[in-house]
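Student: The letter at position 68 of the sequence shown is residue 76 when you use the working numbering, and the numbering goes up by one with no holes. Even glycine gets a Cβ: it sits at the ideal position worked out from N, Cα and C. Take this structure first; my questions come after.
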Amino acid sequence: MTSVINMDGIIQDPSTATAVIFDPVTGQMRFVPSVFNLKNGKTEVSIFGHANGLYTIVQNKKTFDDMIGHWAQKDVETLASKLIINGMTDRTFAPASQVSRAQFAALLVRGLGLSTESLSNVFADVRATAWYAQDVNTAAKLGLVQGVGEGKFSPDSRITREQMVVMIMNAVQLVQGDHRAETQIRTPFADQNQISDYASSAVIEAAEKGLIKGKTETTFAPQDAATRAEAAMMIKQILQYLKLMN
């Protein structure tokens, strides 16, 4: 569902503004994918909402002390300003800390603005009372995530860089439909042989689309645990590629 709001005046920096929906259950505002365009001296906001409710536009500039000068500073500040990602504290982000599989699944669901309705548990090791349960169940139902075997998801395990890429390419397929172009046989990375078979096509396609970068100029490091900074960059890249964010 796409709706358009025309606002008087100009929002100079779309990275600090977003559409939100008010959640009457939690009393909080949730991010909604939205794109800002300047037309005839006014700001036109295209809102990609999936739920009925009260939508509004907020502007919020968020910074973290430990992100100043960091390579992912802009990515993190944009996602934090748009209420997609949170800091470890109000002033710190901890960019080098690792990310769990459940945390990244929740981040992806939140970034896509997906409704997390009450769903039955998909995985045996995802407790219904866990904070991430509805996000993981939603992601599983929509094909964004897969388990690790034996009906388990391993939510607290650190997500690897290749697992993260598989999830974002599943998001591309969810939004754009099942029309993946035939990809090349090889990645541009010298450590391609370290990429798991199940992740190979996703990494190749993501590299072709310019959605991922190597950990060095020549290597991807697919088995390395992803950091919070890398996760933020990945979410921002995919939302911009899907035209769900400026």
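Counting only runs that start and end within the segment 71-104, where is the beta strand (DSSP E) found for 3 or more residues in a row?
Tutor: Those beta strand (DSSP E) runs which fall completely within the segment 71-104 and span 3+ residues do not exist here.
Student: Leaving out five residues before and five after ARG194 in sequence, what residues of the same chain have Cβ atoms less than 8 Å from its Cβ?
Tutor: Excluding positions up to five away in sequence, the list reads GLN200 and ILE212.
Student: Smallest Cα separation from MET75: which of ASN94, GLN142 and GLN67?
Tutor: Of the listed residues, the one whose Cα sits closest to MET75 is ASN94.
Student: Taking DSSP as the reference, what is the three-state secondary structure of ASN201?
Tutor: If DSSP states are grouped into helix, strand and coil, ASN201 belongs with the helices.
Student: Looking at ILE55: is its Cβ nearer than 8 Å to the Cβ of THR124?
Tutor: Cβ distance not < 8 Å, so ILE55 and THR124 don't count as in contact.
Student: How far does the beta strand (DSSP E) with VAL40 in it reach, from first residue to last?
Tutor: 36-40 is the span of the beta strand (DSSP E), which, as asked, contains VAL40.
Student: Classify THR26 as helix, strand or coil using the three-state DSSP reduction.
Tutor: In this structure, THR26 counts as strand in the three-state DSSP scheme.
Student: Please look up how many angstroms separate the CB atoms of VAL144 and ALA110, rounded, as I've assumed it's under 8 Å.
Tutor: So it is a contact: roughly 6 Å between Cβ atoms.
Student: What does a CB cutoff of less than 7 Å around MET172 pick up in its chain, not counting 5 residues either side in sequence?
Tutor: Cβ neighbours of MET172 beyond the five flanking positions: PHE112, ALA234, ALA239 and MET242.
Student: Are at least three pairs of beta-carbons, each pair with one atom in the segment 56-72 and one in the segment 90-104, less than 8 Å apart?
Tutor: In short, these stretches touch, since the Cβ pair count reaches three.
Student: How is SER209 classed by DSSP in three states: helix, strand or coil?
Tutor: Three-state DSSP puts SER209 in a helix.
Student: So, are the CB atoms of ILE176 and SER108 less than 8 Å apart?
Tutor: Not closer than 8 Å, so no.
Student: From GLY119 to GLU158, what does the alpha carbon distance come to, in whole angstroms?
Tutor: In a straight line, the C-alpha of GLY119 is about 29 Å away from that of GLU158.
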